[in-house]
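Peer 1: Quick note on numbering that gives the first Met the number 0: the sequence shown kicks off at 0 and runs consecutively.
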Amino acid sequence: MRLSGPSAWEIALVGFTPDRPEEPSPRRPTWLDGRLAVEGLRPLLPASIALWPGPRTYTGQPLAEVHTVGSPPLLNLVLAGCLTRGARHAEPGEFTLRAFLSGRIDLTRAEAVLGVIDAANPAALDAALEQLAGGLASPIARLRDRFLDVLAHLEAGLDFVDEADVDPLGRAALAFELAQGADEIASLADRLQGRDRPEGLPRVVLVGPPNAGKSRLFNALLGGPHALVSSQAGTTRDYLSAPCDCDGLCVVLIDTAGMESDDGDIKGQAQALRALQAARADLLIDCQPADSGPSPDLPYDRPRLSIITKSDLAPERADLPRTSASTGDGLPALRVLIAEALRAQLSEGDAPASTSARCRDRLHRASTALRDAHETLMLGGGDELVSLDLRQAVDDLGHVIGAVVTDDVLDRIFQRFCIGK
0 MRLSGPSAWE
10 IALVGFTPDR
20 PEEPSPRRPT
30 WLDGRLAVEG
40 LRPLLPASIA
50 LWPGPRTYTG
60 QPLAEVHTVG
70 SPPLLNLVLA
80 GCLTRGARHA
90 EPGEFTLRAF
100 LSGRIDLTRA
110 EAVLGVIDAA
120 NPAALDAALE
130 QLAGGLASPI
140 ARLRDRFLDV
150 LAHLEAGLDF
160 VDEADVDPLG
170 RAALAFELAQ
180 GADEIASLAD
190 RLQGRDRPEG
200 LPRVVLVGPP
210 NAGKSRLFNA
220 LLGGPHALVS
230 SQAGTTRDYL
240 SAPCDCDGLC
250 VVLIDTAGME
260 SDDGDIKGQA
270 QALRALQAAR
280 ADLLIDCQPA
290 DSGPSPDLPY
300 DRPRLSIITK
310 SDLAPERADL
320 PRTSASTGDG
330 LPALRVLIAE
340 ALRAQLSEGD
350 APASTSARCR
360 DRLHRASTAL
370 RDAHETLMLG
380 GGDELVSLDL
390 RQAVDDLGHV
400 IGAVVTDDVL
410 DRIFQRFCIG
420 K
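#1: Mind checking whether Ser310 and Asp285 have CB atoms under 8 angstroms apart?
#2: For Cys81, which of helix, strand or coil comes out of DSSP?
#3: Residue range of the beta strand (DSSP E) that Ile48 falls in?
#4: Would you report the Cα separation of Arg361 and Ala280, rounded to the nearest angstrom?
#5: Within the continuous alpha helix (DSSP H) that includes Ala63, where are the two ends?
#6: Determine the closest residue to Phe413 out of Phe99, Thr83, Gly14, with distance taken between C-alpha atoms.
#7: Exposed or buried, Ser386, counting other C-beta atoms within 10 Å across all chains shown (16 or more means buried)?
#8: Kindly give me the distance between the Cβ atoms of Leu283 and Arg301, rounded to whole angstroms, as I take these residues to be in contact under 8 angstroms.
#9: Give me, in chain order, the residues of the same chain whose beta-carbon lies closer than 6 angstroms to that of Ala127; leave out the 5 immediate sequence neighbours on both sides.
#10: Which same chain residues end up closer than 8 angstroms to Arg390 when comparing Cβ atoms and leaving out the 5 residues on each side of it in sequence?
#11: Relative to the C-alpha of Gln344, which residue among Leu248, Arg26, Val13, Ala269 is closest?
#12: Report, in whole angstroms, the separation of the C-beta atoms of Leu177 and His373, which I expect to be a contact under 8 angstroms.
#13: May I have the straight-line CA-CA distance separating Leu35 from Leu147, to the nearest angstrom?
#14: I need the DSSP call for Thr107, collapsed to helix, strand or coil.
#15: Which residue or residues does DSSP assign as beta-bridge partners of Gln287?
#16: Use the C-beta contact count for Leu82: other C-beta atoms within 10 angstroms, 16 or more gives buried, fewer gives exposed.
#17: Compute the Euclidean distance between the alpha carbons of Gln179 and Arg108, then round it to the nearest angstrom.
#18: Is the segment 42–50 in contact with the segment 66–82, if contact means three or more CB pairs nearer than 8 angstroms?
#19: Given a cut-off of 8 angstroms, decide if Gly39 and Leu76 are closer than it, judged by their beta-carbon atoms.
#20: Beta-carbon separation of Tyr299 and Arg273 under 8 angstroms?
#21: For Cys417, is the classification buried or exposed, using 16 other Cβ atoms within 10 angstroms of its Cβ as the cut-off for buried?
#22: Name the DSSP bridge partner or partners of Gly33?
#23: Rounded to whole angstroms, what's the CA-CA distance from Gly257 to Asn218? Just pull it up for me.
#24: Once DSSP output is grouped into helix, strand and coil, what is the label at Ala338?
#25: At the level of alpha carbons, what is the spacing between His152 and Asp382?
#26: From Ser214, Gly133, Gly380, Glu315, pick the residue whose C-alpha is nearest to that of Arg170; which is it?
#27: Have a look at Asp371, Gly207, Leu124, Gly223 and flag the residue whose alpha-carbon is nearest the alpha-carbon of Arg342.
#28: In terms of residues, what are the limits of the alpha helix (DSSP H) holding Ser386?
#29: In the DSSP assignment, find the alpha helix (DSSP H) that holds Ala11 and state where it starts and stops.
#30: Closest by CA to Leu297, which one among Leu312, Ala278, Ala289?
#31: Who are the Cβ neighbours of Ala174 in its own chain at under 7 angstroms, not counting the five residues just before and after it?
#32: Taking the alpha-carbon positions, what's the Ile139 to Asp395 distance?
#33: Any idea which residues DSSP pairs Leu205 with across the strands?
#34: In whole angstroms, give me the CA-to-CA distance for Arg370 and Val204.
#35: Please report the distance separating the alpha-carbon of Asp406 from that of His398.
#36: Exposed or buried, Gly4, counting other C-beta atoms within 10 Å across all chains shown (16 or more means buried)?
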């Protein structure tokens with residue numbers, strides 16, 4: 000049981016008798032072994048209490064942890080005693096919120112804590128841990144500090160233009176710095192693109208012409224009948240999705256309608272759903288049936304893996320990885336290929352879903368503001384116009400790391416946490 004706050008030590012130590020005398024208020028983290036008297040329980044409980052003085056703790060406040068017998072009824076008695084002495088239950092995410100409010104972590108690191116909790120695969124965990132170590136916050140904070148200095152210099156030149164010790168910034172050097180900063184921020188925004196799915200799992204979408212064996216492959220990879228299959232083309236209308244294990248990586252596998260003309264109301268809806276799922280895919284599986292020629296190029300700018308389906312019908316075609324849902328040939332190798340393609344993407348430092356959903360728009364706005372400032376400068380606009388766009392970019396970067404934040408943003412972030420995090 001963990002307590003945080005000015006009275007955390009006082010509440011945790013009531014009824015506790017250490018095995019050896021310790022100083023009453025240690026100045027460094029301390030571990031105490033002893034016995035704990037609990038109201039409503041006759042024997043003393045064996046217990047250990049860990050004490051951390053603030054402000055160098057997770058929350059920035061004094062922290063205490065009570066470790067005792069792992070029995071829920073006994074722990075409930077210990078908890079009840081703490082509550083009667085002035086403690087209260089933590090709200091979801093309150094420990095991490097206190098860490099943010101005390102300046103121990105920035106907002107992206109707070110979201111990374113949730114990313115660690117929600118990580119559904121090793122790649123997602125690695126991305127969250129990288130962000131927790133400052134992989135996203137550090138470059139954004141550096142950019143914000145850099146442009147704060149530029150903004151201060153610009154506005155000083157506007158306010159004190161007659162002062163001899165205020166040198167105007169070289170316009171060519173400033174234009175270069177604005178363009179470079181816009182590119183860096185746009186690159187950070189691109190890293191967040193498409194990572195805002197609530198389930199946090201990579202999306203693998205089966206696409207191809209009608210009757211290409213997509214639904215049979217969908218069933219074979221999932222190990223059971225999930226989609227209707229038929230020799231008649233156009234059986235699939237809606238899309239189906241299910242979690243699928245691919246060489247230890249959990250993905251969302253999605254079966255879609257075959258690519259064809261969208262004439263007719265039902266066909267049009269099916270094609271619209273297919274296009275929507277394909278556009279959201281982390282990886283497209285381009286299914287090309289062995290009993291027909293190569294399929295036309297897919298009209299989607301998404302990573303793709305082209306394979307041959309129904310390989311048992313045409314053994315001679317071998318220009319792509321071969322699979323057969325009927326015989327099972329090539330399916331283990333396909334799982335490995337899917338995992339390798341996704342791990343190559345996910346290892347590039349994608350941010351947790353909660354961060355990408357919140358920050359992507361702000362980063363795009365900051366990049367646009369810097370480009371506007373650069374354009375104003377190149378067209379000979381005044382420094383006061385440049386400084387307006389520059390201030391907008393600085394504010395947007397501040398929203399990302401939490402230097403500028405509102406209560407509703409904090410509520411949306413921390414209400415997703417579980418108790419005690």
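Heads up, the beta-carbon is just placed ideally off N, CA and C, and yes, glycines get one too.
Peer 2: Taking the structure as given:
#1: Mapped onto the sequence shown, residue 310 falls at position 311. Mapped onto the sequence shown, residue 285 falls at position 286. No. Outside cutoff.
#2: Walking along the sequence shown from the start, residue 81 turns up at place 82. Reduced to three states, the DSSP call for Cys81 is helix.
#3: If you number the sequence shown from 1, residue 48 lands on position 49. Ile48 -> beta strand (DSSP E) spans 44–51.
#4: One-based indexing of the sequence shown puts residue 361 at position 362. One-based indexing of the sequence shown puts residue 280 at position 281. Near 23 angstroms, if we compare the C-alpha coordinates of Ala280 and Arg361.
#5: Along the sequence shown, one-based indexing puts residue 63 at 64. It is not in any alpha helix (DSSP H) - Ala63 instead sits in the beta strand (DSSP E) that spans 62–67.
#6: Here the question's residue 413 lines up with position 414 in the sequence shown. It is Phe99.
#7: The sequence position of residue 386 within the sequence shown is 387, counting from 1. The residue in question, Ser386, is buried, as its Cβ has 16 or more Cβ neighbours within 10 Å.
#8: Locating residue 283 in the sequence shown gives position 284, counting from the first residue. Locating residue 301 in the sequence shown gives position 302, counting from the first residue. Right, the Cβ-Cβ distance comes to about 5 angstroms (below 8 angstroms), so this counts as a contact.
#9: By 1-based counting over the sequence shown, the position of residue 127 is 128. Closer than 6 angstroms at the Cβ level, and outside the excluded window around Ala127, lie Ala111, Gly114, Val115, Ala118, Pro351.
#10: Sequence index remark: in the sequence shown, residue 390 carries index 391 (1-based). Taken in chain order, the residues that qualify are Leu150.
#11: As a first step, residue 344 must be located in the sequence shown, where it is residue number 345. Among Leu248, Arg26, Val13, Ala269, the Cα nearest to that of Gln344 is on Leu248.
#12: Taking the first residue of the sequence shown as position 1, residue 177 is located at position 178. Taking the first residue of the sequence shown as position 1, residue 373 is located at position 374. With a Cβ gap of about 4 angstroms, Leu177 and His373 count as contacting.
#13: On the sequence shown, position 36 is the one that residue 35 refers to. On the sequence shown, position 148 is the one that residue 147 refers to. Approximately 54 angstroms, taken between the alpha carbons.
#14: On the sequence shown, residue 107 is found 108 positions in, with the first residue counted as 1. In the structure shown, Thr107 sits in a helix (DSSP, three-state: H, G or I).
#15: The sequence position of residue 287 within the sequence shown is 288, counting from 1. Gln287 pairs with Ile307.
#16: Here the question's residue 82 lines up with position 83 in the sequence shown. Its Cβ having fewer than 16 others within 10 Å, Leu82 is exposed.
#17: Mapped onto the sequence shown, residue 179 falls at position 180. Mapped onto the sequence shown, residue 108 falls at position 109. Answer to the nearest angstrom: the Cα atoms are 25 angstroms apart.
#18: yes
#19: Residue mapping note: residue 76 aligns to position 77 of the sequence shown, counting from 1. Residue mapping note: residue 39 aligns to position 40 of the sequence shown, counting from 1. Yes, they are a contact pair.
#20: Here residue 299 refers to the residue found at position 300 when the sequence shown is read from its first residue. Here residue 273 refers to the residue found at position 274 when the sequence shown is read from its first residue. Going by C-beta atoms, Tyr299 is not nearer than 8 angstroms to Arg273.
#21: Your numbering for residue 417 matches position 418 in the sequence shown. By the 10 Å Cβ count, Cys417 comes out exposed.
#22: As a first step, residue 33 is located in the sequence shown; it is residue number 34 there, counting from the start. Its beta-bridge partners are Pro17, Ala46.
#23: Within the sequence shown, residue 257 is the residue found at index 258, counting from 1. Within the sequence shown, residue 218 is the residue found at index 219, counting from 1. C-alpha separation (whole angstroms): 16 angstroms.
#24: Here residue 338 refers to the residue found at position 339 when the sequence shown is read from its first residue. It is helical.
#25: Taking the first residue of the sequence shown as position 1, residue 152 is located at position 153. Taking the first residue of the sequence shown as position 1, residue 382 is located at position 383. C-alpha separation (whole angstroms): 10 angstroms.
#26: Taking the sequence shown and counting its residues from 1, the one referred to as residue 170 is at position 171. Answer by Cα proximity: Gly380.
#27: In the sequence shown, residue 342 corresponds to position 343, counting from 1. When each option's Cα is compared against that of Arg342, the closest is Leu124.
#28: Residue mapping note: residue 386 aligns to position 387 of the sequence shown, counting from 1. Looking at the DSSP string, the run of the alpha helix (DSSP H) that includes Ser386 is 382–400.
#29: What you label residue 11 is simply residue 12 of the sequence shown in a count that begins at 1. Taken as a continuous stretch (DSSP letters only), the alpha helix (DSSP H) holding Ala11 covers 7–12.
#30: As a working mapping, residue 297 is identified with position 298 in the sequence shown. Looking at the Cα atoms, Ala278 is the closest of the given residues.
#31: Translated into the one-based positions of the sequence shown, residue 174 becomes position 175. Here the set comprises His373, Leu376, Met377.
#32: Taking the first residue of the sequence shown as 1, we reach residue 139 at position 140. Taking the first residue of the sequence shown as 1, we reach residue 395 at position 396. About 10 angstroms.
#33: Here residue 205 is taken as the residue at index 206 of the sequence shown, counted from 1. BP columns for Leu205 point to Asp254, Ile284.
#34: The residue you call residue 370 lines up with position 371 of the sequence shown. The residue you call residue 204 lines up with position 205 of the sequence shown. Distance between the alpha carbons of Arg370 and Val204 is about 36 angstroms.
#35: For this step, residue 406 is matched to residue 407 along the sequence shown. For this step, residue 398 is matched to residue 399 along the sequence shown. Their backbone Cα atoms lie some 12 angstroms apart in a straight line.
#36: Translated into the one-based positions of the sequence shown, residue 4 becomes position 5. Gly4 should be labelled buried.
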